[in-house]
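Sequential numbering from 1280 applies to the sequence shown in the numbering used here. Worksheet: the structure to be examined is printed underneath.
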Amino acid sequence: MGFLSQELPIAVKAAIDQISIHPSVNGAATTPCKDKQDNWAIEINMDVPLPRDARDQGISATGVKATEWAKIVFPNSFPAHAPRLFLRADFNRAHPHINPGKPGELVSPCIYEGRLDDLLHEPDWINSIINQLADWLSKAATGELLDCSGQGWEPIRRDSVDGTIVTDISNIRKRIAKAKNPISQYIRYEYWQSVVGHMGRVIDESTLYSTIGEATRHFGIGIAERSPFRTNFSLALVVSSGTKNTIDVYQPDDVDSLERLLARAESYGCRSGLENRLKEITENITLPLIEQTLDVTILFAVKRPCNLIGEDSDIELIPYGITFISDENRRLQLTRTSVFPLVLIHKVSQQLLAETSDRNFNQAERRKEIAMIGCGSLGSKIAMHLARSGHGPFRLYDKDCFSPHNIARHAVANLAAAEFMLPKVWLTETLLTQVGAQITQVKNPLEDVISLLQNKPDLFAKCNGLIIDATASSSVQDALCMVRPKQFGAPLLQVALYGRGTIGFFGLEGKDRNPRVDDLVAQLYQLGLDSSPVGAALYQATNFDRINTGQGCASFSMKMSDAKISLFSAGISERASQLLDNDSPKFGELLVGLLTEDGLGVNWLRQPTTKIEILSIGNQSKWELRIPVALKDQMRMETEQRRPLETGGVLIGHINWGRRTLYVTSLLPPPTDSEFRTDEFVLGIQGLKKQISTIEKNTSHTLSYLGTWHSHPNGGGASGKDRKTLAQLTRERGNVPSICLIYRPEGLLAVPGPVTNS
């Protein structure tokens, strides 16, 4: 093609040069020239391998020639946008994978499942498009564009159509699947005319009306003046020949008039039903103005011989719009109509959101309820992530109101709501419903959840998905810990951020609430002691970490950017989504997230979790001791190593005075001056006081000395010396709760001190 004009843009010239040497191209039919839209175009001849029995005739049984003419139109924006491809006007339109067009126009083949713009930017550039065109023509010649036995039925292509209709496709299909005989029924419809054409939606797929009188009694037809889009209320018709009638002939989408629409209805076996409904419309509807228009949508529901490509249904919904223009009497006439195709779009649903989010969705997902305790910055974002992934329904609890500073990082961004300080529950509920999530209405959602649990301990008994505590409140945690396992219908997940959003906590309870969230928090405290990055965020907070949000004692909030909360909430939500889709780990889960130094991501560290052994201490006002089985196993191993001598050490952990609970988080080894005997273990003091003081200082007294432990390799209870030593240690510690834990083959024994004994 050395005859190319010098006016050709460089990119177009390069593309044509590549096309000219493609193996399937045997020459140009014309020289490059500009069309009426000032786009460059070229016509080429494509070699098509025909089936053996069609080679002598030069044309296949499907109407494809051995040499096919094709036109390639390069838009002015090329190479940013791909060229458009056209075949001869008399090319057989009965093939699948052909874009809509009118008879006499050039045929536009759909050669690629995705966007040609994206295909153009693949490594093979323009060759990728010519390869797809050659493959399309080859399959068209052999009748293999539609593979019902493997790929599935190809629905009518509507890629270039401007008008759309949004509906719950699966809901309509379910209704049609039950209709063995022909049906033609009305549903409520709303549309508006935008700059790009007709935009419509089915308002309620669950209700179909058998007559127009029944339909118009339930809703009006006309313009909704108060709508910001100036929408029009109208009718949609669902028309089908029933599931007894399978339509296995692929037809070109050439419907552009009422006559052709009726002919298409006849081929689908439902012409009489459509004609009767159109007659009803013209006889019963008048419009306020002369020459006013009203669009009515037709939805053909056609049973195919196999499931549609990528779907689990064999019912194809094919939509068309009919524009009626009122006459001088403001009535509708079939002679004053135009017909146009519409693109069918799935309405927002849990299934659509789940599949878009790469989740396997099943009907059981619709019943997995999530209780969100705390609708603040972190909680609202987690709820939104889960809702957009198709999870729900949701129960929402939060007693706080939306303040102006919440605009900085809450999922809700509403200036008026902030200045009127509306409840966070209301705003979060509105946010979730806007993405199609279902909300379970609860009594007193604005009441403190602590009070709710006091009056109704089984508040979350019916929640069968996940209970998420995002309050970052120790008092809420204590209230949740008071609930018995049988009163929770789902696992409890606690999430929180620390240190200006540098550390994230994800604590999921185990089976039968063992470990419990407070056990996992105690484990986090120990991790803060063992890991300096975690400890810095947990224990080194200063006044510079908070911001004054107003006047008064409670007018403070932690400084933290929206971006940081979003980073952590994304990971938390993704893992929560996985838990909702699968079974929860038996021993719960503890994940600790660390913000990377550059602030671009989060590294989540999975910490080993274990079952907790629970011991009751004292006689009257009992205390509870909770120790991980992993630490008990450590005692057992040290006992076996020292046998027959006794051994022991120091218990480090956290004290919850309000709940009278001691959490053992680690064991300190015995000091070097300790004595190991067959009948006694004497704990040394060498460096012990300094070691405990360092732990308390580094953890801001969150972790402290709890007491001692020692072994009785041969069993037995506490000796008088054990009790005397414990009493002395308690006094030395200023009457801080202290215990003596004895490891025996028959189990642990907790000896109470003076404080825990009363």
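A virtual CB, placed ideally from N, CA and C, is assigned to each residue, including glycine. Remember, predicted model here, so these are calculated numbers, not experimental data.
- Here the C-alpha atom of residue 1889 lies approximately 8 Å from the C-alpha atom of residue 1867.
- The Cβ atoms of residue 1513 and residue 1447 do not sit closer than 8 Å to each other.
- In the structure shown, the three-state DSSP call for residue 1320 is strand.
- Every beta strand (DSSP E) stretch that sits fully inside the region 1914-2001 and reaches 3 residues is listed by chain position as 1927-1935, 1940-1947, 1983-1990.
- In the DSSP secondary-structure assignment, residue 1868 is bridged to 1787.
- Ranking 1775, 1770, 1734 by CA distance to the CA of residue 1753 puts 1775 first.
- DSSP places residue 1705 in the uninterrupted alpha helix (DSSP H) bounded by 1703-1712.
- For secondary structure counted as the beta strand (DSSP E) over 3 or more consecutive residues, the region 1443-1510 holds these complete runs in sequence order: 1443-1446, 1462-1473, 1476-1481.
- Spatial neighbours of residue 1622 in its own chain (CB-CB distance under 6 Å, excluding positions within 5 residues in sequence) are listed in chain order as 1437, 1440, 1443.
- Taking 8 Å as the upper bound for CB-CB distance, residue 1997 and residue 2030 are in contact here, some 4 Å apart.
- DSSP places residue 1515 in the strand class (E or B) of the three-state scheme.
- Where residue 1556 is concerned, there is no enclosing beta strand (DSSP E), although the alpha helix (DSSP H) around it starts and stops at 1550-1563.
- Contact between residue 1703 and residue 1681 holds: their C-beta atoms lie close to 5 Å from each other, under 8 Å.
- Counting only runs of 3 or more residues that sit fully inside the region 1747-1789, the beta strand (DSSP E) segments are 1771-1777, 1782-1787, in chain order.
- Within the DSSP bridge table, the entry for residue 1625 names 1446 as partners.
- Membership of residue 1539 in the alpha helix (DSSP H) is indicated by the continuous run 1537-1546.
- Residue 1427 has its alpha-carbon roughly 8 Å from the corresponding atom of residue 1584.
- Check the Cα spacing between residue 1713 and each of 1690, 1517, 1526, 1700: the tightest is with 1690.
- Note on geometry: alpha-carbon atoms of residue 1793 and residue 1891 lie some 6 Å from one another.
- Under the three-state reduction of DSSP, residue 1328 is assigned to coil, being neither helix nor strand.
- Here DSSP, grouped into helix, strand and coil, assigns residue 1617 to strand.
- Between residue 1688 and the set 1657, 1360, 1716, 1315, the nearest pair of CA atoms involves 1657.
- For residue 1650, the pairing in a beta bridge is given by DSSP as 1674, 1746.
- With respect to the 8 Å criterion, residue 1988 and residue 1928 are classified as neighbours on the basis of their beta carbons.
- Taking 8 Å as the cut-off, the beta carbon of residue 1731 is found closer than this to the beta carbon of residue 1738.
- In this structure, the CA atom of residue 1815 is about 9 Å from the CA atom of residue 1782.
- Around residue 1413, the same chain offers 1303 as residues with beta carbons nearer than 6 Å, after the five sequence neighbours per side are excluded.
- Secondary structure at residue 1847: helix, using DSSP grouped into helix, strand and coil.
- For residue 2019, the beta-bridge partners assigned by DSSP are 1987, 2030.
- Around the beta carbon of residue 1699, fewer than 16 other beta carbons lie within 10 angstroms, which makes this residue exposed.
- From the listed residues 1588, 1551, 1524, the smallest Cα separation to residue 1425 is found for 1588.
- An exposed status is given to residue 1885, since fewer than 16 other beta-carbon atoms sit within 10 Å of its beta-carbon.
- Here DSSP, grouped into helix, strand and coil, assigns residue 1611 to coil.
- Secondary structure at residue 1574: strand, using DSSP grouped into helix, strand and coil.
- In this structure, residue 1346 lies away from residue 1422, with their beta-carbon atoms at least 8 Å apart.
- Counting only the Cα atoms, residue 1938 lies some 28 Å from residue 1721.
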